[in-house]
Every structure is written in C-alpha cells, then in structure tokens.
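Q: Counting in the working numbering, the sequence shown runs from 173 upward without gaps.
Backbone N, C-alpha and C fix where the C-beta goes; we use that ideal spot for every residue, glycine too.
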Amino acid sequence: MSHELVHAGRRVVVTGIGMVSPLGLCTRMCWDALFRGQSGVQRISVFDPTGLPVQIAAQVDRAGVLERLESQVFASKTTSTAIATGLHERKLTPADILRAPLSIQYAVLAAHEAIQDAALSPATLNATDSGVVIGAGMVSLSDLVESVNRHQSGRHLSPHFVPRILLNAAAGYVALWFGLKGPSLSPSTACAAGAHAIGDAYRLIQRGDATVCIAGGTEACIHELALLGFSRARALTTQFADEPEQSSRPFDRRRSGFVLGEGACVLVLEDLEHARARRQAQPHTTYGELVGYGLSNDAYHVTAPHPEGIGAQRCMEMALRGIPRSAVGYVNAHATSTPLGDAVEAKAIGRVFGAEEPAPVVTSTKGATGHLLGAAGALEAAFTLLAVHHQCVPGTLNLHDIDVGLEMSATTDTTTAGLRFIGHHAHYYWPESSPLRIALSNSFGFYGTNTCLAFQRLPSDESRSGNGSFQGDGVST
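1) Using DSSP with H/G/I as helix, E/B as strand and the rest coil, what is Met310?
2) Report the residue from Val560, His596, Ala559 and Cys564 whose alpha carbon sits nearest the alpha carbon of Ile574.
3) One question on the structure: do Thr367 and Val500 come within less than 9 angstroms of each other, judged by their Cβ atoms?
4) Please name the residue, chosen from Leu591, Gln324, Ala205 and Pro532, that lies closest to Leu608 on a Cα-to-Cα basis.
5) Buried or exposed: where does Asn321 fall if 16 or more other Cβ atoms within 10 Å of its Cβ makes it buried?
6) Residue range of the alpha helix (DSSP H) that Gly371 falls in?
7) Measuring alpha carbon to alpha carbon, tell me which of Leu467, Ala230 and Arg375 ends up nearest Leu441.
8) Beta strand (DSSP E) containing Gly483: first to last residue?
9) Considering only residues of the same chain and omitting the five flanking positions on each side of Ile189, which have a CB-CB separation below 8 angstroms?
10) When burial is assigned at 16 or more other CB atoms within 10 Å of the CB, is Asp301 buried or exposed?
11) Does the stretch 483 to 501 come close enough to the stretch 403 to 415 that 3 or more CB-CB pairs lie under 8 angstroms?
12) Just verifying my parser: in three-state terms, what is the DSSP assignment at Val524?
13) Three-state secondary structure (DSSP) at Gln411?
14) Can you look up Tyr345 in the DSSP assignment and give me helix, strand or coil?
15) Going by DSSP, which residues form a beta bridge with Cys198?
16) Hey, how far is the Cα of Val186 from the Cα of Glu517?
17) Check whether the stretch 263 to 273 touches the stretch 236 to 245, taking contact to mean three or more Cβ pairs, one atom from each stretch, closer than 8 angstroms.
18) Can you tell me which of the three DSSP states Arg652 falls into?
19) How about Ser419 and Val213: are their beta carbons less than 9 angstroms apart?
20) When you compare each of Ser275, Arg271 and Cys564 to Asp233 by their alpha carbons, which one comes out closest?
21) For Leu512, which option in Ser314, Asp315 and Phe423 has the closest C-alpha, if you only look at C-alpha atoms?
This is the structure:
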C-alpha cells in the first residue's frame with residue numbers, strides 16, 4: 173500500500189532540535205539518557221522541601237544552564253558578528269538574560285542549540301520571514317511570591333515585575349536575542365502549550381506567513397506554591413518518596429499521580445523547499461516532516477479528562493486526516509502517570525486504531541522526565557521525531573505491570589486490544605523491511621484542551637545528516 177500523502181500548502185520539516193530537561197542540557201544528553209533508562213526525578217534540592225506533602229521533582233541542572241549560557245550562547249561568534257555588522261540591533265544584553273526568570277533562560281539556551289543544529293544564524297536568516305512561537309503553562313511563581321512579599325514589607329516592586337510574568341516573555345526574549353522579526357505567538361494552553369506552539373508554527377509556514385519558525389515550550393515552576401497547589405488538586409504522586417526515580421510510572425498498575433518537572437524544548441520548523449535550497453551551503457539534518465496537527469476540547473471538566481476520551485480521540489483523528497492508520501507505527505502518549513488520565517488516553521488510542529495490524533507501539537517518556545507542563549508537549553514532540561529519525565523508541569521507564577483495566581500487555585512482542593506497550597528498559601527497533609513511517613505525539617491539558625502532532629519519516633536522501641546528527645546507545649539508523 174502506498175503511503176504518499178496529499179499535502180495542503182507548503183510542506184514543513186524540522187531541521188533543528190534544542191533541549192533543556194531533567195535528563196540533560198542538550199539534545200544528545202537527553203536522548204542518550206532516555207535510552208539508558210535514566211530518571212530525572214530526585215529529591216528537591218533547589219529549596220528545602222521539608223514539611224511539604226511532596227518533596228520530589230524532575231529538576232534541571234540550573235548551574236549548568238548558567239554555564240552554558242555564558243560559554244555557548246553569549247560567546248556565539250555568529251550572533252556577535254551579526255550585531256557588529258549591523259544585521260541585528262537588539263536592546264538586550266547577556267546580563268538581561270541572566271536576570272530573567274528561569275523559564276526564559278531555559279528557552280534561550282534551547283533555542284540557541286536548535287538554531288545551531290539547523291546550521292542557521294542571524295546572518296543567514298531572513299529576519300522578517302522568521303517567527304517565534306513558544307508556549308508556557310504558568311507565570312513565574314517565584315516572581316509573584318517575591319513581589320507580594322516586597323509589597324507587604326513596604327518595599328518597592330521591581331519595574332521589571334510585569335514584563336517578567338507575561339506569558340509571552342520567553343518568545344519575546346528569543347525574538348530579541350536572535351533578531352527574529354516575523355510572527356511571534358505564545359500559546360498558553362496548560363500542559364499542551366508546547367505542542368500547540370509547534371502546531372501553530374506549522375500552520376504559519378504552511379500558509380506562507382513565515383519560512384522558518386523557532387517553536388516549542390518552556391516551564392520553570394518547581395516552587396513551593398506549585399507543589400502545594402497541585403497537591404491540593406491530588407494530581408501529584410506521594411508514593412516512592414524514598415525512591416524518587418521510580419515515582420513516575422505511566423500506564424503502570426502502581427501509578428498514583430505525576431511528578432512536577434521543568435525545562436524547555438525548541439524546534440526549528442522550516443519550509444521544505446527552503447531547507448533543500450540551503451542544504452549544500454549549510455549542511456544540516458532534516459529530522460522529519462510535520463504532516464498533521466489536531467486539536468480539540470473535551471468541554472467536560474476543569475482538570476479531569478472526558479471518561480471516554482472523546483476529545484483525545486478526535487484530535488488524533490484530526491491529525492491523521494489523509495493518513496492511513498496502517499502507516500502509524502508509534503504513539504508517544506501524553507500519559508502523565510495519573511490513574512484516570514492514562515487509562516482514558518489508552519482507551520482513546522485503542523479506538524483510533526482498533527484492530528489495525530500491525531498495531532502501533534505506545535510509550536510515554538514522562539517515566540524518565542516527569543511532567544514539564546507547558547514544555548512537555550514540545551519535549552515529547554522532539555523525542556517522537558528522534559524515534560522517527562533513528563527508527564527506534566525507548567520503553568516507558570517504570571512500566572512493569574500494566575494496569576489491568578486497560579486489558580493490554582506491556583510487552584515488545586505481544587499485541588492486545590490493538591496496541592503494543594513498550595515497558596521498562598525495553599527498546600523497540602523497526603526493521604528496514606517495515607520502517608516507522610508516521611508517529612504521533614499527544615498532549616493534553618487542564619480545561620479539556622487536547623492536541624496531537626503527526627510526524628513523517630523522510631527518504632534517506634532528504635534526512636541525511638549534517639552538523640547535528642547523533643544517536644542513542646545501540647541505535648541503528
């Protein structure tokens with residue numbers, strides 16, 4: 173059966189990836205850690221969590237972020253040359269970034285890696301045709317609390333208070349630092365924000381509003397207030413406090429809630445013809461093509477998904493318009509490790525694919541990363557892309573005993589209820605005779621928002637490696 177797709181508008185590919193996550197401070201570190209079965213969850217060390225109902229989280233190496241900003245971003249020759257030659261006249265300094273909220277620092281570092289990976293620079297980008305779409309779930313809670321404390325103690329608020337808590341701050345900083353003057357958007361759709369940002373950037377390029385978009389999500393809310401709030405909502409796990417690396421366990425029988433995480437992930441989305449035209453002069457890797465974007469709302473409950481997963485099903489079906497179900501080999505589930513959410517999503521995925529043979533592989537990378545809220549969808553989209561590019565997927569960390577309510581098996585070789593769940597420390601590799609062609613990445617959020625991104629493998633001559641190719645341990649390409 174042919175899997176050729178009919179494309180509406182310009183075709184969009186991903187040519188750069190940048191990551192800042194609990195697994196590492198660059199894409200190579202994160203992907204390799206995922207394949208080694210490492211967990212980014214630990215006892216909270218950025219403040220003393222004693223007395224809090226939850227004392228674990230998936231933290232970023234914040235000192236490492238500062239070091240990389242200094243040694244890589246601020247020292248970048250391409251950026252400094254563009255400024256010196258007058259190509260970019262920004263009113264933003266390294267000191268401004270170092271004073272900025274953590275979510276902005278994460279986004280700038282991830283964007284820098286993605287742009288470098290794509291072999292782009294301020295000198296080679298058409299600034300007015302290059303956009304920025306970066307989503308976030310929550311404002312800087314530390315800024316809010318600090319400002320309230322200052323006011324109550326009779327001290328003046330910082331004149332930067334309001335700009336620091338705006339949800340478009342990360343997109344604004346990235347646009348300012350890299351001199352990008354095209355469309356600038358900041359979706360704020362809770363835990364689906366990063367995925368919505370990528371989907372919205374896809375549409376901007378499709379319809380000709382931009383040729384290149386820097387798109388993704390960022391979040392930094394590991395704070396007492398967030399832990400207390402999510403705990404009151406009974407969303408966080410309180411289990412495995414003494415073994416935090418086992419606490420996030422999507423689809424597992426012993427799952428009891430998600431683990432709060434932080435980080436950023438940014439992709440470079442690009443018009444396919446533009447990427448082709450510059451490949452010889454600027455060698456780069458084309459990781460895959462974005463071929464579908466679905467979005468919906470449950471209109472059911474503030475925090476709980478619809479019990480039948482109707483909205484989740486609908487957004488997957490929307491992303492798959494024009495794509496045969498048999499072409500889909502992998503679904504990166506939103507699955508956050510909550511009892512209800514994981515079961516509902518599995519039910520929805522099962523309805524979308526029915527008794528399709530071969531059944532798609534299903535995993536959740538949140539077993540390793542925790543839940544990055546507004547950055548989660550972008551990070552998981554990147555992991556999905558890398559699975560397509562390298563034809564392999566790491567199993568779900570801590571998935572040992574799949575929930576019996578799902579009536580499915582967590583194995584690499586047994587299919588039940590139309591799905592294959594890949595468990596703890598198991599990896600799945602697609603044979604050359606039957607490659608992974610299409611993969612989905614799901615992201616859902618509070619207030620019933622749902623989104624799904626569909627990525628397609630490109631022919632080897634289209635995706636050949638440039639300056640950014642890498643692979644995880646034992647991965648064959």
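A: Taking the structure as given:
1) Within the sequence shown, numbered from 1, the residue matching residue 310 stands at position 138. Coil at Met310, not helix or strand.
2) For the purposes of this step, residue 574 is taken as the residue at position 402 of the sequence shown. Looking at the Cα atoms, His596 is the closest of the given residues.
3) For the purposes of this step, residue 367 is taken as the residue at position 195 of the sequence shown. For the purposes of this step, residue 500 is taken as the residue at position 328 of the sequence shown. With the sequence shown as reference, residue 367 is identified as Ala, and Thr is not the correct amino acid for it. No, they are not a contact pair.
4) Translated into the one-based positions of the sequence shown, residue 608 becomes position 436. Taking the Cα of Leu608 as reference, the smallest distance to any Cα among Leu591, Gln324, Ala205 and Pro532 is reached at Pro532.
5) Stepping through the sequence shown from its first residue, residue 321 is reached at position 149. When all chains shown are included, Asn321 counts as exposed.
6) Taking the first residue of the sequence shown as 1, we reach residue 371 at position 199. That run of the alpha helix (DSSP H) goes Ala365 to Gln378.
7) Stepping through the sequence shown from its first residue, residue 441 is reached at position 269. The shortest CA-to-CA distance from Leu441 to any of Leu467, Ala230 and Arg375 is the one to Arg375.
8) Numbered from its first residue, the sequence shown carries residue 483 at position 311. Per DSSP, Gly483 lies in no beta strand (DSSP E) segment; the continuous alpha helix (DSSP H) that holds it begins and ends at Ile482 to Ala491.
9) Within the sequence shown, residue 189 is the residue found at index 17, counting from 1. These residues qualify, in order along the chain: Thr199, Glu285, Ala286, Asp289, Cys437, Val438, Leu439, Val440, Tyr459, Ala554, Leu557, Leu558 and Gly640.
10) Counted from its first residue, the sequence shown places residue 301 at position 129. With 16 or more neighbouring CB atoms inside 10 Å of its own CB, Asp301 falls in the buried class.
11) no
12) Within the sequence shown, residue 524 is the residue found at index 352, counting from 1. Correct three-state label for Val524: helix.
13) Here residue 411 refers to the residue found at position 239 of the sequence shown. Reduced to three states, the DSSP call for Gln411 is coil.
14) The residue given as residue 345 occupies position 173 in the sequence shown. Here Tyr345 sits in helix by DSSP.
15) Within the sequence shown, the letter at position 26 stands for residue 198. Per DSSP, none; premise fails for Cys198.
16) Reading the sequence shown from its first residue, position 14 is the one you call residue 186. Reading the sequence shown from its first residue, position 345 is the one you call residue 517. The alpha-carbon atoms of Val186 and Glu517 are separated by roughly 27 angstroms.
17) yes
18) In the structure as shown, the chain starts at 173 and stops at 649, and residue 652 therefore has no counterpart that could be examined.
19) Here residue 419 refers to the residue found at position 247 when the sequence shown is read from its first residue. Here residue 213 refers to the residue found at position 41 when the sequence shown is read from its first residue. Taking 9 angstroms as the Cβ cut-off, Ser419 and Val213 qualify as a contacting pair.
20) Residue 233 sits at position 61 when you count from the first residue of the sequence shown. Selection Ser275, Arg271 and Cys564 evaluated against Asp233 yields Ser275 as nearest (Cα-Cα).
21) As a first step, residue 512 must be located in the sequence shown, where it is residue number 340. Checked all of Ser314, Asp315 and Phe423; the closest Cα to Leu512 is Phe423.
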